[in-house]
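Have a look at the structure below before the remarks.
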Amino acid sequence: MTLPGASQKAVDDYLAALRRQLRDLMEEDMNDIVEEIRTHILDKTAPGDDPGQVEQTLAALGAPRDLAARYCTEEMMRRAEAHRSSTQKARIAGRWTFSILAGVVVLVVSAAGYSFGGLLVIAGIAKVMWPKGTGLWETVNTDGTQTLGLSGGSGNVPPANNAHDILGWWLLPIGLILGPVLIYATYRFGRWSVRKLWPARRTNYAATEPQIEI
Amino acid sequence: MNERQAPNTESADKWEVQLRKGSLELAILAALWGGRLYGLEILRHLESGSDLVVAEGTVYPLLTRLRTLGLVESEWVESDSGHPRKYYSLTAAGRERALEMGRTWARFAASLNNLVAPLNGAVREEKP
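Laid out in structure tokens, this is it:
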């Protein structure tokens with residue numbers, strides 16, 4: 035159903051004004067009310083395209099402000115208030131859950147990064163001190179499976195007769211370069227996560243501190 | 004109307020407005036007693052069944068209020084007019100409330116009719 039241009043505009047303007055006046059209600063209630071008034075106007079003006087009829091219908095409904103005021107009763111406002119506070123609670127709970135989960139992830143990643151980085155550095159140093167006993171050993175077991183292990187020291191001898199050192203002297207640069215890089219990267223990741231997840235409330239001291247003139 | 008009469012007429016008008024306002028809720032609940040209706044049907048029913056002049060801007064907010072109170076429920080129903088219409092029907096609580104209000108109204112009207120009885124002769128004479 036369409037109305038002639040000018041009447042359609044009058045109806046649209048009326049409904050837009052009504053919507054603005056109902057903004058304190060729940061969105062669902064607001065849409066329902068505006069739609070109902072729209073169908074009322076359409077039903078009232080259905081038979082003809084008489085612009086006078088649109089005018090008359092809108093006048094009978096009263097000014098948007100007055101009509102909206104009749105809708106904004108205590109019950110409706112309470113309903114809107116209750117809805118607002120429940121969505122707010124859900125939002126806070128969601129934020130907390132995310133924070134905790136993200137915190138656990140950051141903790142696990144950081145712990146893994148620091149330990150592995152530290153291990154690499156220790157392996158690099160151990161390679162210098164006990165070159166024969168330190169390495170990334172690949173051992174072929176009796177049942178055909180393979181075991182990979184990082185070990186060092188232990189009397190400066192390989193952990194087993196059939197153990198094969200995969201990295202050899204490469205362990206030295208890998209351990210002493212990759213280790214610190216990994217530790218530094220983990221440190222940066224931790225700082226970045228903390229800044230992202232729990233942004234500090236920064237105080238602009240320059241603006242708040244009194245200027246002392248000497 | 005001259006100035007001496009004005010305050011008198013004004014308070015009579017106010018009284019009538021209050022009377023209509025107070026009875027509109029019952030009239031709407033009673034209109035829905037027979038089954039679901041949409042807003043404009045309720046309005047037409049009220050106007051045809053009485054000489055109540057019902058302001059359209061009053062009925063719709065009142066329907067919304069009755070719904071919030073759980074006395075009526077509403078549903079959008081497709082119609083062949085090209086747009087859906089919002090139909091209202093009484094809830095169980097609404098039926099109970101309508102009955103209760105209807106009873107109160109009948110009692111009240113009967114008592115007041117008794118009290119107004121002395122005026123009846125004068126009121127009848129006024130009519131042409």
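These protein sequence lines map, in sequence, to chains A and B.
Residue 35 is where the first sequence starts when you use the numbering used here, and the numbers rise one by one after that.
Residue 4 is where the second sequence starts when you use the numbering used here, and the numbers rise one by one after that.
Where is the CB? At the ideal position from N, CA and C, for every residue including glycine.
Contiguous alpha helix (DSSP H) elements confined to the segment 24 to 58 of chain B occur at 42 to 51, taking only those with 4 or more residues. Of all alpha-carbon atoms in A:208, A:56, A:153, the one lying nearest the alpha-carbon of residue 64 (chain B) is that of A:56. If you look at residue 85 (chain B), you'll find it isn't in any alpha helix (DSSP H); DSSP assigns it neither H nor E.
Residue 43 (chain A) sits in a helix when the DSSP states are folded into three classes. Within the segment 61 to 77 of chain B, those residues whose Cβ lies closer than 7 Å to any Cβ of chain A are, in chain order, 61, 63, 64, 67, 68, 71, 72. The Cβ atoms of residue 114 (chain A) and residue 66 (chain A) lie no closer than 8 Å to each other. Taking the CA atoms as reference points, residue 205 (chain A) sits about 20 Å from residue 219 (chain A).
Put simply, the CB of residue 17 (chain B) is far from chain A, with every gap to its CB atoms at 8 Å or more. Under a criterion of Cβ atoms nearer than 9 Å, the residues of chain B adjacent to residue 96 (chain A) are, in order, 58, 59, 60, 61. The beta carbon of residue 80 (chain A) sits closer than 8 Å to some beta carbon of chain B.
Sixteen is the threshold: since fewer than 16 other Cβ atoms of the shown chains lie within 10 Å of the Cβ of residue 207 (chain A), the residue is exposed. As for any alpha helix (DSSP H) of minimum length 4 sitting wholly inside the segment 55 to 131 of chain B, the runs are 59 to 71, 95 to 119, 123 to 129, ordered along the chain.
Taking the Cα of residue 104 (chain B) as reference, the smallest distance to any Cα among B:30, B:60, B:119 is reached at B:30. If you ignore the 5 residues before and after residue 45 (chain B), its C-beta comes within less than 8 Å of the C-beta of 31, 34, 35, 62, 66, 91, all in its own chain and listed in chain order. Contact of residue 110 (chain A) with chain B is assigned, a C-beta pair being separated by under 8 Å.
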